[in-house]
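J.:
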Amino acid sequence: MRYFILTLFTALFLYAGQHHRYTNHLIDEDSPYLQQHAHNPVDWYPWGEEAFEKAKREHKPIFLSIGYSTCHWCHVMEKESFENEEIAELINRWFVPIKVDREQMPHLDRHFQRIYSILNRRGGGWPLTIFLTEDLKPFFAATYIPPEDSYGVKGMKSVVPALGKLYKTDRETLFKRAAAIERLAEESQRLPKAKVESAKKLAGEAVERVWGYYDKIYGGFGDRPKFPESSRISMLLDIYRVTGDERAKMMALQTLDAMQKSGLYDQIEGAFFRYCVDRRWRMPHFEKMLYTNAELIPLYVKAYSMTGKERFKEVVEETVKEINRRFRTPEGVYFSASDADSDGEEGKYFLYRFDEALKALTDAGFKESEAKEFLNYLDITEDGNFDSEYSHARRVLEREPKEFGRGIEVLKRMRSSRNYPFIDRKIITAWNAMMIKALFAASKIDDSFLKEAQTSYKALKELMEKKDGTLFHQVLYGRKPSQEGLLEDYAFMTDAALSAYGTTLEKSYLEDALRYSKEAEKRFYKDGRWLLGGEDFKSYADIGDSYYRSPLSVMINSLISLAVLESSFEDERLAEKSLESFGALLNVSPDAYPEAFVAYLRLEKGVAVLKSSKENLLRNRDRIEKIDYPFLLIEAVDSNSWQACDSKSCFAYSKDMERVIEAVEKR
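Numbered according to my numbering, the sequence shown spans residues 682 to 1348.
Here is the structure:
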């Protein structure tokens, strides 16, 4: 009886602890970000017909908020406004509120970021706040909005009722404004087709333009905030290989070196944060994104290959191992991101107090002088470099102190008693494909990563590919996927399959790449333009690289590769037509569209493919890696001879590998 009463009391206590005052329409969604908002007093709806019908039925505008689960400023706006009952009442009274996870619906996010840029003449970000008419036409756009008016910026308590009343009293004006904004957005996407100028000439212009905003002191591009900009670094390395421009090489390698020493990189456990808030790469926002690391890993592999610098190799190994430790599931797929905050404080898991770190080191057997030297190397100071008490580790001296590895292990143990930030357990097909490509690249310097790459590729297909070969976009780990794949999923899966084939020469990977590319063309190439998603909400793809490479530009590059590997004139022509649509942009600012400009470089310079038997190619892998030609693929054929081809013809044939390599390098 006593046991029964105790059990009943415990159950009631747990139930009471789980009770929430508010529950809205997000409660059954499988996005962690939407779940975070399911108990706000704001009566949130997911993007869908239920919300749209309510807006039309009640003649109410829509308050659209777009963010993601590991976004620091999204958390701030939630605490300040969406958990505030007074502000929630205003939103509910005047609007139909809709929440969108930008990682679930990147095509929606891309469309409304474009709207924000048109209205505000600058780039957007998250949280993104869009006010829409009942027929989904935007009429006002902002990012973070404070709860109260402050420093000349209108707050939620002013903006929400003002726009709500205006919609009620002067709908005609707002509908006209919304229609004009839609026309501007449409016109901004309809660029005149133009033939791209000489790639070599534009490469020189691209380097000159990048040199103008390259940070010659701290590396990286621009002032602040500072992002890794992987595609721009990759473009510079490709330009160097095509033209020999030493400035391009220097900017790329110096930036990679600066980033790995800096606060952007987790010096204790490995892997990169999303960006830094300052010019000197000192202070990051502490989110770790799968895509950030997946796009940086192959660059550090390239940098190691070019320089032989051991630290670049270590960064690859440390980053892969940390991403595997935090994000990799037992099956081999990857979670999407970890938060900046833990226990409600930004960066708490990652920061150190000098006195606590000093004590931990001396307790571990370091002399006090050695411990201080170690902490000085990592800029962990008594005054703190993050705030008055806490420091964030970064390498500020050239010479690594003695027993550096042992010191790092001590700081790792200090973190083991802390709560690691929230991990978003969404499995996103596109991001997983990026990581799989990174693993195949990393296998060039550590063979153990090859098996991991193959396991992950297989696991991702088993989870996110339907029986008919089409793809899902994302799913919360442990659930069944249902959301249809987007252009980015097909683009990055094609890219990953080509990387897998180039590493292993297993034909099934090449067949997958061809199948994904054909399905992408069938689903998303409509009337001469590429869509980011389905036709239910038309968001057109462009060549702008954003927080990761443009899915369209990635698809174009894959089509160029397939044109050579499959001798397909159709693929090459589709790549050319897709680029021609943006030729005017590339002619004016080639540096602003790095992945697309590399595609044009590849078309003009020509992609070469080296062919021989699978055994020959794998046995001579090290020699092939050293071939001085920027855009080289390999293909296994039923012959022990060697030949080299491009998309239109074969130009060298011999039983002597070196003679064929010589012909490739002379092109």
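C-beta atoms are modelled at their ideal positions from N, C-alpha and C, and glycine is treated no differently.
Which runs of the alpha helix (DSSP H) spanning at least 4 residues fall entirely within the segment 1210-1294, listed in chain order?
T.: For the segment 1210-1294, whole alpha helix (DSSP H) runs of length 4 or above, ordered along the chain, are 1232-1246, 1250-1261, 1264-1269 and 1275-1286.
J.: Of all the options 1234, 1247, 1326 and 1290, which has the alpha carbon lying nearest to the alpha carbon of residue 1273?
T.: The option with the nearest alpha carbon to residue 1273 is 1234.
J.: When the Cα of residue 735 is compared with those of 763, 782 and 815, which residue comes out closest?
T.: Looking at the Cα atoms, 815 is the closest of the given residues.
J.: By DSSP's criteria, residue 911 is part of a beta bridge. Which residues make up the other side?
T.: In the DSSP output, where bridge partners are listed per residue, residue 911 has none listed.
J.: Find the nearest neighbour of residue 742 within the set 757, 748 and 774, judged by alpha-carbon distance.
T.: Of the listed residues, the one whose Cα sits closest to residue 742 is 774.
J.: What are the start and end residues of each continuous alpha helix (DSSP H) run of 4 or more residues lying completely inside the segment 843-923, in chain order?
T.: Runs found: 852-870 and 880-894.
J.: Taking a contact to mean a Cβ-Cβ separation below 8 Å, would you say residue 944 touches residue 970 in this structure?
T.: No, the Cβ-Cβ distance between residue 944 and residue 970 is not below 8 Å.
J.: Taking DSSP as the reference, what is the three-state secondary structure of residue 755?
T.: Note: residue 755 maps to helix in three-state DSSP.
J.: Would residue 1081 and residue 1003 be called neighbours here (beta carbons separated by less than 8 Å)?
T.: No, these two residues do not count as a Cβ contact at 8 Å.
J.: Which same chain residues end up closer than 8 Å to residue 1294 when comparing Cβ atoms and leaving out the 5 residues on each side of it in sequence?
T.: Around residue 1294: 1317, 1318, 1319, 1320 and 1321.
J.: Hey, which unbroken runs of the alpha helix (DSSP H) at 4 residues or more fall wholly within the segment 941-993?
T.: Fully enclosed alpha helix (DSSP H) runs of 4 or longer: 971-988.
J.: Just to confirm the assignment, what range does the beta strand (DSSP E) spanning residue 811 have?
T.: Residue 811 -> beta strand (DSSP E) spans 809-813.
J.: In the DSSP assignment, find the alpha helix (DSSP H) that holds residue 1093 and state where it starts and stops.
T.: Where residue 1093 is concerned, the enclosing alpha helix (DSSP H) stretches over 1085-1096.
J.: Start and end of the alpha helix (DSSP H) containing residue 1049?
T.: Looking at the DSSP string, the run of the alpha helix (DSSP H) that includes residue 1049 is 1049-1058.
J.: Taking the straight line between their C-alpha atoms, what separation do you get for residue 1311 and residue 1219?
T.: Distance between the alpha carbons of residue 1311 and residue 1219: 37 Å.
J.: Can you give me the Cβ contacts of residue 692 inside the same chain, cut-off strictly under 8 Å, excluding the 5 residues immediately before and after it?
T.: Confidence at residue 692 is low in this model, with a pLDDT of 40, below 50, so the placement of that residue is unreliable and no value is reported for it.
J.: Between the alpha carbons of residue 1097 and residue 761, how many angstroms are there, rounded?
T.: The straight-line gap from Cα to Cα measures roughly 31 Å.
J.: To the nearest angstrom, how far is it from the Cα of residue 973 to the Cα of residue 752?
T.: C-alpha separation (whole angstroms): 14 Å.
J.: Does the Cβ of residue 1250 have 16 or more other Cβ atoms within 10 Å, making it buried, or fewer, making it exposed?
T.: The residue in question, residue 1250, is exposed, as its Cβ has fewer than 16 Cβ neighbours within 10 Å.
J.: Please tell me whether residue 1053 has its Cβ less than 8 Å away from any Cβ of chain C.
T.: Here chain C cannot be found, since the structure has a single protein chain.
J.: Here's the rule: buried if 16 or more other CB atoms are within 10 angstroms of the residue's CB, otherwise exposed. What is residue 913?
T.: Per the 10 Å Cβ criterion, buried.
J.: Could you work out which residue in 1026, 1088, 1028 and 822 is closest to residue 1039 when comparing CA atoms only?
T.: Of 1026, 1088, 1028 and 822, the residue nearest in Cα terms is 1088.
J.: Between residue 1168 and residue 1212, which are expected to be in contact by the criterion C-beta below 8 Å, what is the C-beta distance as a whole number of angstroms?
T.: That belief holds up - the Cβ atoms of residue 1168 and residue 1212 are roughly 7 Å apart, short of 8 Å.
J.: Could you check how far apart the C-beta atoms of residue 763 and residue 721 are, in whole angstroms? I think they sit under 8 Å.
T.: That belief holds up - the Cβ atoms of residue 763 and residue 721 are roughly 5 Å apart, short of 8 Å.
J.: Pull up the CB-CB distance for residue 1239 and residue 1109, whole angstroms please, since I reckon it's below 8 Å.
T.: The pair is not a contact, with the Cβ atoms about 19 Å apart (cut-off 8 Å).
J.: Taking only the alpha-carbon atoms, compute the straight-line gap between residue 653 and residue 879 and give it to the nearest angstrom.
T.: Here the chain covers residues 682 to 1348 and nothing more, so residue 653 does not appear.
J.: Taking residue 1137 as the reference, which of 1115, 738, 739 and 966 has the closest Cα?
T.: Of the listed residues, the one whose Cα sits closest to residue 1137 is 1115.
J.: Measure the alpha-carbon distance for residue 827 versus residue 900 and round it to whole angstroms.
T.: So the two alpha carbons sit approximately 33 Å from each other.
J.: Please classify residue 792 as buried or exposed, where buried requires at least 16 neighbouring CB atoms within 10 angstroms.
T.: That one is buried.
J.: Residues in its own chain within less than 6 Å of residue 695 by CB, not counting five upstream and five downstream?
T.: At residue 695, the pLDDT of 37 sits below 50, so the modelled position is not reliable; the number obtained from the coordinates is stated separately. None.
J.: Of all the options 921, 908, 937 and 1179, which has the alpha carbon lying nearest to the alpha carbon of residue 1349?
T.: Shown here, the chain extends from 682 to 1348; a query on residue 1349 therefore has no answer.
J.: Assess, as a yes-or-no matter, whether the segment 911-925 is touched by the segment 887-895 under the definition of 3 or more beta carbon pairs within less than 8 Å.
T.: Result yes; three or more Cβ-Cβ pairs closer than 8 Å.
J.: Can residue 906 and residue 1019 be called in contact, C-beta distance under 8 Å?
T.: Not in contact: residue 906 and residue 1019 (Cβ atoms no closer than 8 Å).
J.: Find the nearest neighbour of residue 1264 within the set 1173, 989 and 1278, judged by alpha-carbon distance.
T.: Among 1173, 989 and 1278, the Cα nearest to that of residue 1264 belongs to 1278.
J.: Taking 7 Å as the limit between beta carbons, can you name the residues of its chain near residue 772, skipping five residues before and five after?
T.: Contacts found: 723, 744, 778 and 841.
J.: Inspect the beta-carbon positions of residue 1201 and residue 1179 and report whether they are closer than 8 Å.
T.: No, they are not a contact pair.
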